[in-house]
Amino acid sequence: MISAKRLRLARLGGLILAFLTVEGCPPNWHVTIVEMKAAGVPQFCISKSANCTGGPVLLDSFAVQEVRRTGEGRAYRTVWAMHRTRTARVGVFTYGIAPDGWRTEKTAELLHAGRLYTAGPIWFRIVEASHRFHVETGSLGEGRWNE
Numbered sequence: 000m001i002s003a004k005r006l007r008l009a010r011l012g013g014l015i016l017a018f019l020t021v022e023g024c025p026p027n028w029h030v031t032i033v034e035m036k037a038a039g040v041p042q043f044c045i046s047k048s049a050n051c052t053g054g055p056v057l058l059d060s061f062a063v064q065e066v067r068r069t070g071e072g073r074a075y076r077t078v079w080a081m082h083r084t085r086t087a088r089v090g091v092f093t094y095g096i097a098p099d100g101w102r103t104e105k106t107a108e109l110l111h112a113g114r115l116y117t118a119g120p121i122w123f124r125i126v127e128a129s130h131r132f133h134v135e136t137g138s139l140g141e142g143r144w145n146e
């Protein structure tokens with residue numbers, strides 16, 4: 000015979016399992032800069048898997064911030080932000096242009112070569128060489144971003 004306490008624990012365990020099945024784990028998402036559309040204008044891809052694979056992702060907001068060193072560490076300043084206005088997944092989009100279903104929250108500022116920026120989980124720097132622009136990307140844990 001099952002005790003009342005064990006029965007309550009079993010029901011609670013079932014409820015927790017049902018909740019986790021319905022809610023799942025927080026989704027992972029990746030940001031890739033797929034192209035430089037023009038000087039200081041990257042094209043982003045937000046996807047379920049690395050390297051712009053796995054399909055678009057449902058986010059509430061997205062921002063690009065400039066990262067500056069200060070005496071106490073780093074200071075972040077938002078240079079562009081957008082938020083979702085309806086249920087719309089975001090995939091590939093260009094800096095400064097909110098895709099369908101999104102609205103610009105902060106108008107995009109010009110991105111400058113040599114400065115450090117962050118967009119979600121990535122850090123990036125625009126590099127100019129021979130009048131051409133490309134982008135270096137990485138994560139904070141990498142030594143080159145800790146300069």
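Position 57, counted from 1, in the sequence shown is what the working numbering calls 56; the numbers after and before it change by one each time, with no gaps. Beta carbons are placed, not taken as given, at the ideal position from N, Cα and C, and that holds for glycine.
How big is the Cα-Cα spacing for residue i and residue j?
| i | j | result |
| --- | --- | --- |
| GLY23 | SER46 | Bear in mind that the predicted position of GLY23 carries a pLDDT of just 42, short of 50, making it unreliable; the figure below should be weighed with that in mind. C-alpha separation (whole angstroms): 18 Å. |
| ALA147 | GLY54 | Any answer about residue 147 is impossible in this case: the structure gives the chain only from 0 up to 146. |
| THR52 | THR31 | 10 Å |
| HIS82 | GLU104 | 7 Å |
| PRO25 | MET35 | With a pLDDT of 47 at PRO25, under the threshold of 50, the modelled position of this residue cannot be trusted; read the value that follows with caution. Each residue's alpha carbon lies about 30 Å from the other. |
| THR69 | VAL89 | 33 Å |
| THR136 | TRP122 | 6 Å |
| VAL56 | ARG67 | 29 Å |
Name the DSSP bridge partner or partners of residue i?
| i | result |
| --- | --- |
| SER129 | Per DSSP, none; premise fails for SER129. |
| ILE121 | ALA118 |
In terms of residues, what are the limits of the beta strand (DSSP E) holding residue i?
| i | result |
| --- | --- |
| ARG67 | 60 to 69 |
| VAL30 | 29 to 37 |
| GLU104 | 101 to 105 |
| HIS82 | 72 to 83 |
| ILE45 | 40 to 46 |
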